[in-house]
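Asks: Protein sequence lines, in the order shown, are assigned to chains Z and C. All residue numbers for the first sequence refer to the working numbering, where the first residue is 1 and numbers rise by one. All residue numbers for the second sequence refer to the working numbering, where the first residue is 1 and numbers rise by one. Each residue gets a CB set at the ideal place from its N, CA and C atoms; glycine is no exception.
Number of protein chains: 2
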Amino acid sequence: MINFVLDPKAGIPFYRQIIDQIKYGIVSGNLKTGEQLPTVRALAVELKVNLNTIAKAYKELEIQNILETQQGTGTFIRKIEVRISEKEKNKKLQDICNEFVTIAHSYGFSVDDIISQLKKQLK
Amino acid sequence: MINFVLDPKAGIPFYRQIIDQIKYGIVSGNLKTGEQLPTVRALAVELKVNLNTIAKAYKELEIQNILETQQGTGTFIRKIEVRISEKEKNKKLQDICNEFVTIAHSYGFSVDDIISQLKKQLK
DNA sequence: ATGTTTGTACCATATAAATATGACAATAGT
DNA sequence: ACTATTGTCATATTTATATGGTACAAACAT
Numbered sequence: 001m002i003n004f005v006l007d008p009k010a011g012i013p014f015y016r017q018i019i020d021q022i023k024y025g026i027v028s029g030n031l032k033t034g035e036q037l038p039t040v041r042a043l044a045v046e047l048k049v050n051l052n053t054i055a056k057a058y059k060e061l062e063i064q065n066i067l068e069t070q071q072g073t074g075t076f077i078r079k080i081e082v083r084i085s086e087k088e089k090n091k092k093l094q095d096i097c098n099e100f101v102t103i104a105h106s107y108g109f110s111v112d113d114i115i116s117q118l119k120k121q122l123k
Numbered sequence: 001m002i003n004f005v006l007d008p009k010a011g012i013p014f015y016r017q018i019i020d021q022i023k024y025g026i027v028s029g030n031l032k033t034g035e036q037l038p039t040v041r042a043l044a045v046e047l048k049v050n051l052n053t054i055a056k057a058y059k060e061l062e063i064q065n066i067l068e069t070q071q072g073t074g075t076f077i078r079k080i081e082v083r084i085s086e087k088e089k090n091k092k093l094q095d096i097c098n099e100f101v102t103i104a105h106s107y108g109f110s111v112d113d114i115i116s117q118l119k120k121q122l123k
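(1) Identify every run of the beta strand (DSSP E) within the segment 27–94 of chain Z, keeping only runs that are complete inside it and at least 3 residues long; order them along the chain.
(2) For my contact list, I19/C and Y107/Z are in at a C-beta cut-off of 8 Å; report their separation, rounded to the angstrom.
(3) Does the structure place the segment 22–29 of chain C close enough to the segment 100–114 of chain Z that three or more beta carbon pairs sit under 8 Å?
(4) Just curious, the alpha helix (DSSP H) that S116/C is in, first and last residue?
(5) Can you tell which of Q117/Z, D112/Z, D7/Z, K120/Z has the C-alpha that lies nearest to the C-alpha of K119/C?
(6) Once you ignore the five residues that flank V101/Z on each side, which residues in its own chain have a CB closer than 8 Å to its CB?
(7) Hey, would you say V40/C sits closer than 8 Å to Y58/C, going by beta carbons?
(8) Taking the straight line between their C-alpha atoms, what separation do you get for L122/Z and I2/Z?
(9) When the distance is taken between beta carbons, is R83/Z closer than 8 Å to I66/Z?
(10) Just mark I103/Z as buried or exposed, buried being the case when its beta carbon has 16 or more other beta carbons within 10 Å.
(11) Would you say S184/C reaches chain Z, if we count a Cβ-Cβ gap shorter than 8 Å as a contact?
(12) Inspect the beta-carbon positions of T75/Z and Q36/Z and report whether they are closer than 8 Å.
(13) What whole-angstrom Cβ distance do Q117/Z and Q117/C have, given they're in contact under 8 Å?
(14) Which chain Z residues sit within Cβ distance under 7 Å of T102/C?
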């Protein structure tokens, strides 16, 4: 579970701060596959924002296939189900990598930079 | 010269993405002092945005004394040192990687999968 | 069945971002 | 001088974003 925090001075919308923290939580392992997130109302109260703001964050992550929501039950970190061929999988991985290398490049980061950052995250 | 890239899914305004890419381009050495940037019109066409959006980015960097514009001639990198702290740089790299890893994760790929794919691309 | 908890949908409002146009000014090349 | 190219400015308009308020719908517990 994460300890959510909002920074009103950050100049970053609340819902996006929440998105980022969830993503960070997944990458760092603080959020595990299948784990339930706080309910929109609970988190809204905790962070003192409207429940729509939370719902918007959750919604966007659901569209990105990162979360899974069930009305009446809750919101969860999506369990990945792989039902594509090995070949398609590799193609997908390649596509994702290409896209991100391009973005990283535009900020002056090299593939080596990315790799060493990723390795850091493994520890 | 930079290969500018706009990511509509990033949740960061276009003009700010351009600003960041120029700043990081200077820091990483991809943009050198005195170098001319694309004209506002050229970059607008390339990125398929309005020229005002590019002009806004350039303008803000001129105010920050990072760019130098000469009406009728073009926009250039100023002879000053752009300082971005290690911390900030790492944050940016981390953000990019974070985004990357989360998406990959949602397709069932691990950080190790990504690293080995990236290493393949290096060869 | 009923009530509670869950996410969802819709509406309203304010602000920010991006576009569209057009006119203008400085520079360079001819 | 003339022309083309550059950035600038102003203004209006449209679109997207951001947050809040309220009511609705699905799942669950009892």
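Replies: In short, the structure shows the following:
(1) 67–70, 74–77
(2) So it is not a contact: roughly 11 Å between Cβ atoms.
(3) Remark: three or more beta-carbon pairs, one from each stretch, lie closer than 8 Å, so the segment 100–114 of chain Z and the segment 22–29 of chain C are flagged as touching.
(4) 111–122
(5) D112/Z
(6) V111, I114
(7) yes
(8) 19 Å
(9) no
(10) buried
(11) Only positions 1 to 123 of chain C appear in this structure, which leaves residue 184/C out of reach.
(12) yes
(13) That belief does not hold up - the Cβ atoms of Q117/Z and Q117/C are roughly 15 Å apart, past 8 Å.
(14) K23, I26, V27, I66
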